[in-house]
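In what follows, a single structure is set out as structure tokens and then discussed.
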Amino acid sequence: MGDNVILVGFMGAGKSSVGRLLARQLGRCFVETDDMITAREGRSIPEIFADRGEAYFRALEEETVRLLALKSGDVIATGGGLFCREGRPEALRALGTVVWLGGDFDVLYERARRAGERPMLAGKSRDEVEALYRAREPFYRRADLTVDTTALNPDQVVRQIALALRDRTNPLPSGERAG
Ligand code: S3P
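Numbering-wise (my numbering), the sequence shown opens with residue -1 and increments by one.
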């Protein structure tokens, strides 16, 4: 298995801010799949959706997953839909530890609406976005680790991830409990 830490989860989960902080704390490089795509295309994610449509963006994500195989030791934040295709959970788990930043849907939705321009929210009702979330949830559940971000700030999420990663690397002997 690879040694990257890969953050997945719905829009508004805090993958970018948490990823940046986590990378700094662990002394690793930080990579975002959306940044890899915008760098390659020379335009923003909203522009890609507007000019070429969602299917084209998803094809770029496919190619990005192939490029991620070259990464090692990085913290990688993925776009909210990247993990949610057949074969992706297996492909990403082969590259490292996959962490799902989850949380209450309405909290994620409000965060996502507040920050940034998100083509997957444009023109959709809350219920339509929730349907998208519910369709994606079974994929997110296939992550190695889950952190519920509902009531946590990014620093607290980073702390939880760091502890969970440490426990995975140095599991307690059976019978002992974490204090
Ligand atoms: C998307 C989420 C976005 C970005 C694109 C599509 C999605 O990333 O990849 O707009 O399908 O959920 P964030 O999860 O960082 O907002």
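Virtual Cβ for every residue (Gly too), placed ideally from N, Cα, C.
Query	Result
Short of 8 angstroms in beta carbon distance, which residues of its chain neighbour A162, apart from the five on each side in sequence? Order them along the chain.	V97, L143 and V145
Mind pulling the alpha helix (DSSP H) runs of 4 or more residues that sit fully within the region 28 to 58?	31 to 39 and 43 to 50
For the ligand S3P, is there a heavy atom less than 7 angstroms away from the beta-carbon of M247?	Since the first and last residues shown for the chain are -1 and 177, residue 247 lies out of range.
Give the secondary structure of A89 by DSSP, where H, G and I count as helix, E and B as strand, and everything else as coil.	helix
Return the CA-CA distance between G121 and G79, expressed in angstroms with no decimal places.	18 angstroms
If the criterion is Cβ atoms closer than 8 angstroms, does the pair A152 and V16 meet it?	Before going further, note that residue 152 is Pro rather than Ala in the sequence given. A contact, by the Cβ cut-off of 8 angstroms.
Quick check on this structure: which residue in G101, V63, P117 and T36 has the alpha carbon closest to the alpha carbon of R91?	V63
Fully enclosed by the region 123 to 148, which alpha helix (DSSP H) runs are 4 residues long or longer?	124 to 138
Determine, using beta carbons only, whether A67 comes closer than 8 angstroms to chain B.	No chain B appears in the structure shown, which is made up of a single protein chain.
Where do the ends of the alpha helix (DSSP H) carrying D106 lie?	The displayed chain sequence assigns Leu, not Asp, to residue 106. First-last of the alpha helix (DSSP H) with L106: F103 to R112.
What is the DSSP secondary structure of T167, counted as helix, strand or coil?	helix
With the cut-off set at 8 angstroms, would you say R109 and G10 are in Cβ contact?	yes
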